[in-house]
Amino acid sequence: MIILKPNGYVYNSIDEPTDDNWNKVTSIIKLDNNFSKEALIGLNEFSHVEIFFHFHKLDDSKICTAARHLRNNKSFPKVDVFAQRGKNRPNKIGAAICKLIKVEDMSLEINGLDAINGTPVLDIKPVFREYQPQNVEQPAWVSELMKDYF
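When the letters of the sequence shown are read in order and numbered with our numbering, they come out as residues 2 to 151.
Below, the structure written as structure tokens:
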């Protein structure tokens, strides 16, 4: 068994999951008090952070382990859980690369996090350019699916 404890929590104005317009959402991540005030030292030198979080409001009955049409829209192809980034994942883990706006005390302000208010944050990592893939390939339908997401 794997046991994870949140490093902090998300605070923003979104209380229910939505499929689009996450670029309009600014979120604050407040670290748990178990961390020292030095936990975020140096993070402000980065433009982006990668946030790993838990889909804590996802009911187990909604977990998808079979192929489905994205957004339940038959104009999108049927793909399996590991060929899409939907929230109904077996381990309820989300990941997002976000613009880092500000680091202050025990919190960071970010843009582009597609997590709702109260979401437990499992990890925070700076984005290193060297970790990013050089030539990403994806099916054409991804751009259509994501056109209003951010």
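For every residue, glycine included, the Cβ atom is placed at its ideal position computed from N, Cα and C. Note that the structure is a prediction, hence the values are computed from the model and not measured.
### Task
Pick helix, strand or coil for Y12, following the three-state DSSP scheme.
Within the sequence shown, numbered from 1, the residue matching residue 12 stands at position 11. In this structure, Y12 counts as strand in the three-state DSSP scheme.
Can you list, in chain order, the residues of its chain whose CB lies under 8 Å from that of K100, leaving out five sequence neighbours each side?
Locating residue 100 in the sequence shown gives position 99, counting from the first residue. For K100, where only same-chain residues beyond five positions count, the Cβ hits under 8 Å are S48, H49, I111, N112, G113.
Strand pairing of A96, partner residues [DSSP]: Taking the first residue of the sequence shown as 1, we reach residue 96 at position 95. In DSSP, A96 forms a bridge with F53.
Q: Identify whether S48 lies in helix, strand or coil by the three-state DSSP scheme.
A: For this step, residue 48 is matched to residue 47 along the sequence shown. Reduced to three states, the DSSP call for S48 is coil.
Item to check | Close Cβ partners of I98 (< 7 Å) along its chain, the five nearest in sequence each way excluded | outcome: Against the sequence shown, residue 98 aligns to sequence position 97. Excluding five sequence positions before and after I98, the CB atoms of its chain that fall closer than 7 Å to its own CB belong to H49, E51, V128, given in chain order.
Task: Proximity of K93 and L71 at Cβ, strictly below 7 Å - done: What you label residue 93 is simply residue 92 of the sequence shown in a count that begins at 1. What you label residue 71 is simply residue 70 of the sequence shown in a count that begins at 1. No; because the gap between Cβ atoms is not below 7 Å, this pair is not in contact.
| task | Take every Cβ of the stretch 71-82, pair it with every Cβ of the stretch 133-147, and state whether three or more of those distances are shorter than 8 Å. | result | Contact holds: three or more Cβ-Cβ distances are below 8 Å.
* Asked: Under 7 Å, do G95 and F54 count as touching if we go by C-beta distance?
  -> Residue mapping note: residue 95 aligns to position 94 of the sequence shown, counting from 1. Residue mapping note: residue 54 aligns to position 53 of the sequence shown, counting from 1. Yes, the pair counts as a contact, with Cβ atoms nearer than the cut-off.
Local conformation of L41 per DSSP, three classes: Walking along the sequence shown from the start, residue 41 turns up at place 40. Coil, per DSSP.
task: State the Cα-Cα distance for the pair K63 and S37, rounded to the nearest angstrom.
output: Numbered from its first residue, the sequence shown carries residue 63 at position 62. Numbered from its first residue, the sequence shown carries residue 37 at position 36. Cα atoms of K63 and S37: separation of roughly 37 Å, rounded to the nearest angstrom.
Which full runs of the alpha helix (DSSP H) of 4+ residues lie inside the stretch 54-80, going along the chain?
Under the rule that a run must span 4 or more residues, no alpha helix (DSSP H) segment is found entirely inside the stretch 54-80.
Note to self: For the alpha helix (DSSP H) containing V82, name the first residue and the last one.
What the structure shows: What you label residue 82 is simply residue 81 of the sequence shown in a count that begins at 1. Premise fails: V82 is in no alpha helix (DSSP H) and is neither H nor E.
Query raised in the report: Helix, strand or coil: how does DSSP classify N24 here?
Result: Walking along the sequence shown from the start, residue 24 turns up at place 23. N24: helix per DSSP, three-state reduction.
Outcome for N24 when other beta-carbon atoms lying within 10 angstroms are tallied against a minimum of 16 = As a first step, residue 24 is located in the sequence shown; it is residue number 23 there, counting from the start. Exposed, because fewer than 16 other Cβ atoms sit within 10 Å of the Cβ of N24.
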